[in-house]
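In what follows, a single structure is set out as structure tokens and then discussed.
There are 2 protein chains.
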Amino acid sequence: MEFFDKVGKSALGSRLRLMTAVVTDDAAKIYELYGVDFVPKWFPVFYTLTEEREITITEIANEIGHSQPSVSKIIQEMIAAGLIEESAKTEDKRKNNVVLTEKGILISKKIKQQLEDIDVAIEGIIAESKHNLWAALEEWEFLLEQKSLIKRVSEQKKKRESKDVKIAEYKAEYQEAFRTLNVEWISTYFEMEEADYKALDNPEDYILKKGGKILVALYENEPVGVCALIKMNNSEYDFEMAKMAVSPKAQGKSIGWLLGKAIAEKAKELGAKKIYLESNTILKPAINLYYKLGFEKVFGLETPYKRCNIQMELVL
Amino acid sequence: MEFFDKVGKSALGSRLRLMTAVVTDDAAKIYELYGVDFVPKWFPVFYTLTEEREITITEIANEIGHSQPSVSKIIQEMIAAGLIEESAKTEDKRKNNVVLTEKGILISKKIKQQLEDIDVAIEGIIAESKHNLWAALEEWEFLLEQKSLIKRVSEQKKKRESKDVKIAEYKAEYQEAFRTLNVEWISTYFEMEEADYKALDNPEDYILKKGGKILVALYENEPVGVCALIKMNNSEYDFEMAKMAVSPKAQGKSIGWLLGKAIAEKAKELGAKKIYLESNTILKPAINLYYKLGFEKVFGLETPYKRCNIQMELVL
DNA sequence: TACATTTGTATAACTAGTTATATAATTAAT
DNA sequence: ATTAATTATATAACTAGTTATACAAATGTA
Numbered sequence: 001m002e003f004f005d006k007v008g009k010s011a012l013g014s015r016l017r018l019m020t021a022v023v024t025d026d027a028a029k030i031y032e033l034y035g036v037d038f039v040p041k042w043f044p045v046f047y048t049l050t051e052e053r054e055i056t057i058t059e060i061a062n063e064i065g066h067s068q069p070s071v072s073k074i075i076q077e078m079i080a081a082g083l084i085e086e087s088a089k090t091e092d093k094r095k096n097n098v099v100l101t102e103k104g105i106l107i108s109k110k111i112k113q114q115l116e117d118i119d120v121a122i123e124g125i126i127a128e129s130k131h132n133l134w135a136a137l138e139e140w141e142f143l144l145e146q147k148s149l150i151k152r153v154s155e156q157k158k159k160r161e162s163k164d165v166k167i168a169e170y171k172a173e174y175q176e177a178f179r180t181l182n183v184e185w186i187s188t189y190f191e192m193e194e195a196d197y198k199a200l201d202n203p204e205d206y207i208l209k210k211g212g213k214i215l216v217a218l219y220e221n222e223p224v225g226v227c228a229l230i231k232m233n234n235s236e237y238d239f240e241m242a243k244m245a246v247s248p249k250a251q252g253k254s255i256g257w258l259l260g261k262a263i264a265e266k267a268k269e270l271g272a273k274k275i276y277l278e279s280n281t282i283l284k285p286a287i288n289l290y291y292k293l294g295f296e297k298v299f300g301l302e303t304p305y306k307r308c309n310i311q312m313e314l315v316l
Numbered sequence: 001m002e003f004f005d006k007v008g009k010s011a012l013g014s015r016l017r018l019m020t021a022v023v024t025d026d027a028a029k030i031y032e033l034y035g036v037d038f039v040p041k042w043f044p045v046f047y048t049l050t051e052e053r054e055i056t057i058t059e060i061a062n063e064i065g066h067s068q069p070s071v072s073k074i075i076q077e078m079i080a081a082g083l084i085e086e087s088a089k090t091e092d093k094r095k096n097n098v099v100l101t102e103k104g105i106l107i108s109k110k111i112k113q114q115l116e117d118i119d120v121a122i123e124g125i126i127a128e129s130k131h132n133l134w135a136a137l138e139e140w141e142f143l144l145e146q147k148s149l150i151k152r153v154s155e156q157k158k159k160r161e162s163k164d165v166k167i168a169e170y171k172a173e174y175q176e177a178f179r180t181l182n183v184e185w186i187s188t189y190f191e192m193e194e195a196d197y198k199a200l201d202n203p204e205d206y207i208l209k210k211g212g213k214i215l216v217a218l219y220e221n222e223p224v225g226v227c228a229l230i231k232m233n234n235s236e237y238d239f240e241m242a243k244m245a246v247s248p249k250a251q252g253k254s255i256g257w258l259l260g261k262a263i264a265e266k267a268k269e270l271g272a273k274k275i276y277l278e279s280n281t282i283l284k285p286a287i288n289l290y291y292k293l294g295f296e297k298v299f300g301l302e303t304p305y306k307r308c309n310i311q312m313e314l315v316l
């Protein structure tokens, strides 16, 4: 199909669907050719029953990768066709153990030669082709099991978008964003405290003039994340990392990670050896991020914030 | 899936179906991830509309390999969603030309980045794998277009079964089969004639004792095909190939071909240079077979059979 | 020019699966 | 010994396609 060359790989689902239709349409004709009264969709269930003497519906479903209702319906059709029957000898009355009937066993023998012919025909196509479809499907099953397509796409999205995120130095025009973004999350989870207002309303005086720094993450030139480095005096630490906030609208772009990395870098530039932070364990994604950035738990320092129940440090 | 290793290639349809389900399930989630109000199945139609400014439903269906009703339904859904609209400016009133609306154009722009991300993600999987699924699908589309799966399987069936066909010399026990098989086809298409009864009721006297031969095709030890070589005197031909009959139950096993080849071989053994046959053009498969065996049309010989309207010879 | 055939679309009914949910039987937990 | 949770199955309702068919418009032909 020329169409798929134009569209690109994102039409993989459509391409697979068409090939599936082509193959399964012929499957029905093949049973006809061999004069077997059999519906192609029965095959995986039927095959399982020729292997396992007795097996429940749910077990079959797991074995062949169908949903349980799908197998349930197929079983009913095959019972109606006289190929299988319920086998009463089970203690668990919920279970519906099924086995092949005489007729079923007969058909399984009749079908055997047919399956071999199909196998040879498909092997023939594989031999004719450069790229092995069967092996490719097997690999894809494995690779998508490891990491699903949605996961892979979402990672790619993050990667691309984080490239468009710029980390900039604080300017007066970002004061409103600095305040809003922080008020947003603080008041969602906690109460705003005195110390918060001071720093957020007047970062110039309370952070920058005291030797601190503020970085802003810009996405499409809009400030979507902020983080501050606050000078600590009379302490083993040089700076506290604080007031980190990312707009919920800009989630999934690794903005927290980029800000954290940039802040650590900035601290190093300023000659710092160790930085410190305070947080609360109910902020699980934040705590995770801190660990990823290399922070480790420390204990016993004083803090003006009620909401603090975890303290961490990063050795630069 | 372990299952597929056990079952073998004949479960290719099932394997494709499962992979299709896995991929298309994630496709829906991907649109959600990008916040686009869009149904995956719309995509091929939508894509075509972004390429072609104006296009009819049937043209779209051909382009993307769907049935026309499928596209018809998708178009209706997309019109309801406000993505496309009917474009009145067509003379042919049967045609329903459709174009993207403003909203549709907007979404096509929004979707662009998403498609690129999917493309990158899928390219990633292809890069991770040894067997290229995308390329394999392309090859299979081509190869199955050239010769369908049912055709390939049916050829394999024929090939295998013809191996189980044995060509044997005539024995008295085959007289009944020789008669029945011939009466069957002759009386279906024509009337039995005097010359038929003579030869069929008493092949010993009328064929063998006069220097002719009869060969019998056996499948599972049952006679399923017969053919005679009748000595011709006072003629440029050494033998006439006649009374060829194959049981309809044993069709598709190349029995006619095997008998014809064996008869020609036998004639050569007996020192013949040219053999002759008479037939009727309404027996198309038979005439085809004779051509395949190397016979060519000749004209103007006398014949005792009313049903004869074509005469052929084979130079050995 | 009138009639038959072809073309373009829509609709109905089907297929092979799915998810959601109800029910009964069994197992686990207090 | 109850009660709660889990398991096995069946059923209903949905999805993304299909084929068969009806109907109107356009085209071809005697």
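If you're matching them up, the sequences are chains A and B in order.
To convert, note that position 288 of the first sequence is 288 in the numbering used here; the numbers rise steadily by one, no gaps.
To convert, note that position 178 of the second sequence is 178 in the numbering used here; the numbers rise steadily by one, no gaps.
Glycine included, C-beta positions come from ideal geometry on N, C-alpha and C.
Check	Outcome
M232 (chain B), DSSP secondary structure in three states	coil
Residues bridged to C227 (chain A) [DSSP beta-bridge criterion]	A:L215
Coarse secondary structure for A27 (chain A), derived from DSSP in three states	helix
Extent of the continuous beta strand (DSSP E) run through Q251 (chain A)	Careful: Q251 (chain A) lies outside any beta strand (DSSP E) and carries neither H nor E.
Cβ of N221 (chain B) within 7 angstroms of any chain A Cβ	no
Delimiting residues of the beta strand (DSSP E) encompassing I186 (chain B)	No beta strand (DSSP E) contains I186 (chain B), which is instead part of the alpha helix (DSSP H) from Q175 to Y189.
Three CB pairs or more closer than 8 angstroms across the segment 150–158 of chain B and the segment 204–215 of chain B	no
7 angstroms Cβ cut-off: residues of chain B touching Q156 (chain A)	D117, V120 and A121
In DSSP terms, what V315 (chain A) is bridged to	A:K274
Exposure of A172 (chain B), with buried meaning 16 or more beta-carbon neighbours within 10 Å	exposed
Under 7 angstroms between C-beta atoms of A27 (chain A) and G13 (chain B)	yes
Beta carbon of L115 (chain B) nearer than 7 angstroms to that of S162 (chain A)	no
Cβ of I57 (chain B) within 7 angstroms of any chain A Cβ	no
7 angstroms CB neighbourhood of Y305 (chain A) in its chain, flanking five on each side removed	E193, A195 and E278
Interface partners of N132 (chain B) on chain A, CB under 8 angstroms	H131 and A136
8 angstroms contact criterion, which Y237 (chain A) and L208 (chain A) should meet: CB distance rounded	Not a contact, Cβ separation roughly 18 angstroms.
Nearest-angstrom Cβ-Cβ length linking I125 (chain A) and W134 (chain B), presumed shorter than 8 angstroms	That belief does not hold up - the Cβ atoms of I125 (chain A) and W134 (chain B) are roughly 17 angstroms apart, past 8 angstroms.
Environment of N309 (chain A) [buried if 16+ CB atoms lie within 10 Å]	exposed
Under 8 angstroms by beta carbon: chain A residues contacting G124 (chain B)	R152 and Q156
Nearest to K110 (chain A) (by Cα), restricted to the options A:V216, A:G35 and A:A245	A:G35
Residues bridged to E240 (chain A) [DSSP beta-bridge criterion]	A:I230 and A:Y276
Burial state of I282 (chain B) (16 or more Cβ within 10 Å)	exposed
Beta strand (DSSP E) segment containing I107 (chain A), residue limits	No beta strand (DSSP E) contains I107 (chain A), which is instead part of the alpha helix (DSSP H) from E102 to E128.
Chain-ordered residues of the segment 16–31 of chain B with a beta carbon less than 7 angstroms from chain A	L16, R17, L18, M19, T20, V22, V23, T24, D26, A27, K29 and I30
Euclidean distance between Cα positions of H131 (chain A) and Q251 (chain A)	40 angstroms
Span of the alpha helix (DSSP H) around A11 (chain B)	Per DSSP, A11 (chain B) belongs to no alpha helix (DSSP H) and is neither H nor E.
Chain A contact residues for R160 (chain B), given Cβ-Cβ distances below 7 angstroms	D117
Against chain A: residues of the segment 242–256 of chain B by CB proximity under 9 angstroms	G252
Proximity test, Cβ basis, 7 angstroms: I84 (chain A) and chain B	no
Cross-chain neighbours of V7 (chain B) in chain A, by beta carbon under 7 angstroms	Y47
Residues that V39 (chain A) bridges to, as DSSP identifies them	For V39 (chain A), which the question treats as bridged, DSSP gives no partner whatsoever.
Continuous beta strand (DSSP E) stretch holding E204 (chain B): start and end	Premise fails: E204 (chain B) is in no beta strand (DSSP E) and is neither H nor E.
Endpoints, alpha helix (DSSP H) assigned at E139 (chain B)	L133 to Q146
Contact list for G225 (chain A) against chain B, beta-carbon separation under 7 angstroms	Neighbours of G225 (chain A) on chain B: none; closest Cβ ~19 angstroms, over 7 angstroms.
Cα-Cα separation, I186 (chain B) to A168 (chain B)	23 angstroms
Run of the alpha helix (DSSP H) containing A172 (chain B), from where it starts to where it stops	Careful: A172 (chain B) lies outside any alpha helix (DSSP H) and carries neither H nor E.
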